[in-house]
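Undergrad: The structure that follows is given in the form of structure tokens.
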Amino acid sequence: MINNIYISRRSAIFSLAGSTALLGMPAFALSKAEAEELINQLSNDVLSAINAQSSRDELFEKFEKIFANYADVFLIARKALGPTWRSANKTQRSAYVSAFRGYMARYYGKQFEEFIGAKIIIDKSRKTSGGYLVDSKIIFKDGSNYLAQWHVVDARGKFLMYNLFLEGVSVLSDVRIQIGSMLDKRGGSIDELTSYLLTKG
Amino acid sequence: MNFKHINIVKISLLLSIGLLFSACAQNTPTEFNDPLEQINRKTHAFNKTLDTWMLRPAGKAYGIVVNDFADEIINDFTDNLSEPSNATNHLLQGKIIKSLKSTARFLVNSTIGLGGIIDPASRLGLIADESDFGETLHNWGVGEGAYIELPFYAASTVRDTTGIMVDFMMDPINSILPSKYKPYTQGAKLIELAGDRNEYGDMIDSVLYQNEDSYASQRLYYLQNRRFNLNNNTISDEDLGNPYDDK
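This is the structure in structure tokens:
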């Protein structure tokens, strides 16, 4: 009798595991494709923005829209600020994040400007904790190329870009250095940082 | 190649490395391992001044004086001089085929390539594959150790600085080339330095001069890029970071 219960329980567990595996498999495959598709669209938008001959201000405006669509700007802003985030109040946080949106568009925009005339080819991706790392190759007009890897995270059921690595160097870490240094120079005041961010870039 | 020479260096190194790195071994940094930051920042300020007043103008002058054709000759010539060292380091890492390729490159370019001023080896499919003793140490399992900014030389680590010194001391080119040519090879390397400053001009300018904290950014670029290259273009979990931790 006891044996029977065990068997049925075990088979129940097995069948449960089986069905989640079945359910999980297509979702996993789809996610990987989704992550790559996100970067494909993002890089297409980035390339068409820089190749359209618009003024710098127009370009940065476009980038702000692109990031609003494809990037987890809120999470990036929070990470860039570091531990100061925790001590800030709600009003300070939302003022900082909205100033950061423009700063990020200008900061990444300047990095992306070098990609004029380049091609971005999605290569492969691998799973990381909470998302994917999508590898792409940036091929310049002169034939030289380098590796850009996009860290994509699952943000509340939707894939968004979180970080970009250029030849192994984390752009988010660099933004964090910039923000950290600005904050230090202003005695750790997030309000002063926020008003500086609005002008910086 | 002078293998006896290499063996002596290797043995004395193994002894000294043990001493050098025992202090750093247990240090697994969350950010970067930089206990010398205060001194490093002073060196950085010095290097930046040096760049502003000497290297940057030299790079600009190089860009004006040297045309693309001459630039390639200088590049190929200095690259060829480093092939014996590349071959040695590949060999020390147990990469026999890479070592033979570097040796073949050196032989082809030194002869058919007219002493290295052109690079026919590449056209024969022997593509350059550089290495250094810092990479060899990495392959032997030596960790990077503390970050160091070297005067006149910029970003490095304890391991890579050891590598630079060993590469300098054991460079087989010194036993291959008669010493009377040394002033020419050293001169070419100095000119090449200005050439590199010119080639990577915009990038270096943006790191050094358009940055809130050029020291910290340079440290980031060097360490993450070096780790990436040494680990077959793989980003470590540590450098990938966790998007959801509260740091």
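If you read the protein sequences in the order shown, they are chains A and B. When we follow our numbering, the leftmost residue of the first sequence carries the number 14, and every step to the right adds one. When we follow our numbering, the leftmost residue of the second sequence carries the number 67, and every step to the right adds one. Note that the Cβ used here is the ideal one computed from N, Cα and C, for glycine as well.
From which residue to which residue does the alpha helix (DSSP H) around Lys-164/B run?
TA: Here the alpha helix (DSSP H) through Lys-164/B covers 162 to 177.
Undergrad: Does the contact criterion of 3 or more C-beta pairs under 8 angstroms hold for the stretch 165 to 179 of chain B versus the stretch 200 to 210 of chain B?
TA: No: the two stretches stay apart, fewer than three of their Cβ pairs being nearer than 8 angstroms.
Undergrad: In or out: Tyr-275/B buried (at least 16 other Cβ within 10 Å) or exposed?
TA: So Tyr-275/B ends up on the exposed side.
Undergrad: 9 angstroms is my cut-off, CB to CB: does Thr-207/A come that close to chain B?
TA: By this cut-off, Thr-207/A is not an interface position.
Undergrad: Look up Leu-146/A in the DSSP assignment and give the residues it is bridged to.
TA: BP columns for Leu-146/A point to Arg-139/A and His-164/A.
Undergrad: Under the assumption that Lys-213/A contacts Tyr-116/A (Cβ atoms under 8 angstroms), give the Cβ distance between them as a whole number of angstroms.
TA: The Cβ separation is near 6 angstroms, so the contact holds.
Undergrad: How long is the line joining the alpha carbons of Asn-297/B and Ser-168/B, rounded to whole angstroms?
TA: Each residue's Cα considered, the two are about 21 angstroms apart.
Undergrad: Can you name the residues that DSSP bridges to Ser-197/B?
TA: The partner list for Ser-197/B (beta bridge, DSSP) is empty, contrary to what the question assumes.
Undergrad: I need the DSSP call for Tyr-281/B, collapsed to helix, strand or coil.
TA: Note: Tyr-281/B maps to helix in three-state DSSP.
Undergrad: Please confirm whether Phe-178/A has its beta-carbon closer than 9 angstroms to some beta-carbon of chain B.
TA: Yes - at least one Cβ of chain B is within 9 angstroms of the one on Phe-178/A.
Undergrad: For chain A, check one thing: does any of its Cβ atoms lie closer than 9 angstroms to the Cβ of Ala-282/B?
TA: It does; some Cβ of chain A falls within 9 angstroms.
Undergrad: Apart from the five residues just before and just after Ile-140/B, which ones in its own chain have a Cβ nearer than 8 angstroms to its Cβ?
TA: Answer for Ile-140/B: Val-132, Ala-254, Ile-257, Glu-258 and Gly-261, listed in chain order.
Undergrad: Who pairs with Met-235/B in a beta bridge, going by DSSP?
TA: According to DSSP, Met-235/B bridges with nothing at all.
Undergrad: If you follow the beta strand (DSSP E) that Glu-215/B is in, where does it begin and where does it stop?
TA: First-last of the beta strand (DSSP E) with Glu-215/B: 213 to 216.
Undergrad: With DSSP run on the structure shown, which of helix, strand or coil describes Ser-68/A?
TA: Looking at Ser-68/A - three-state DSSP - the assignment turns out to be coil, as it is neither helix nor strand.
Undergrad: Going by C-alpha distance, which of Ile-230/B, Val-224/B and Tyr-128/B is nearest Pro-101/B?
TA: Cα-wise, what sits closest to Pro-101/B is Val-224/B.
Undergrad: Look at the alpha carbon of Ile-52/A and the alpha carbon of Ile-135/A, and state the distance between them as a whole number of angstroms.
TA: Roughly 8 angstroms between the two C-alpha positions.
Undergrad: Can you tell me which of Glu-71/A, Gly-143/A, Glu-49/A and Ala-108/A puts its alpha carbon nearest to the alpha carbon of Leu-206/A?
TA: Selected option, being the one with the closest Cα: Ala-108/A.
Undergrad: Could you check what DSSP says for Leu-190/B in three-state terms: helix, strand or coil?
TA: Note: Leu-190/B maps to coil in three-state DSSP.
Undergrad: Under the three-state reduction of DSSP, which class applies to Tyr-175/A: helix, strand or coil?
TA: Strand, per DSSP.
Undergrad: Within 10 angstroms of its Cβ, does Gly-130/A collect 16 or more other Cβ (buried), or is it exposed?
TA: Exposed is the call here.
Undergrad: Between the C-alpha atoms of Lys-92/A and Lys-114/B, what's the straight-line distance to the nearest angstrom?
TA: Going by the C-alpha atoms only, they are around 29 angstroms apart.
Undergrad: State the start and end residues of the unbroken beta strand (DSSP E) segment that holds Thr-300/B.
TA: No beta strand (DSSP E) holds Thr-300/B; DSSP gives it neither H nor E.
Undergrad: Mind listing which residues of the stretch 174 to 204 of chain A have their C-beta closer than 7 angstroms to chain B's C-betas, in chain order?
TA: Correct list: Tyr-175, Phe-178, Glu-180, Gly-181, Val-182, Ser-183, Ser-186, Asp-187, Ile-190, Gln-191, Ser-194 and Met-195.
Undergrad: Taking the continuous beta strand (DSSP E) assigned at Ser-222/B, which residues delimit it?
TA: Residues 220 to 223.
Undergrad: Taking Cβ positions, are Ile-368/B and Asp-134/B nearer each other than 9 angstroms?
TA: With chain B represented from 67 up to 313, any question about residue 368/B goes unanswered, as that position is not in the structure.
Undergrad: Mapping the DSSP letters down to three states, classify Ser-183/A as helix, strand or coil.
TA: Ser-183/A falls in the strand class under three-state DSSP.
Undergrad: From the DSSP output, in three-state form, read off Lys-255/B for me.
TA: In the structure shown, Lys-255/B sits in a helix (DSSP, three-state: H, G or I).
Undergrad: Using 9 angstroms as the limit for Cβ to Cβ distance, is Gly-143/A near chain B?
TA: So yes, Gly-143/A belongs to the interface.
Undergrad: Tell me the rounded alpha-carbon separation between Ile-214/B and Asn-99/B.
TA: Their Cα atoms are separated by approximately 10 angstroms.
Undergrad: Roughly how many angstroms separate the alpha carbons of Ile-301/B and Phe-294/B, rounded to a whole number?
TA: Each residue's alpha carbon lies about 6 angstroms from the other.
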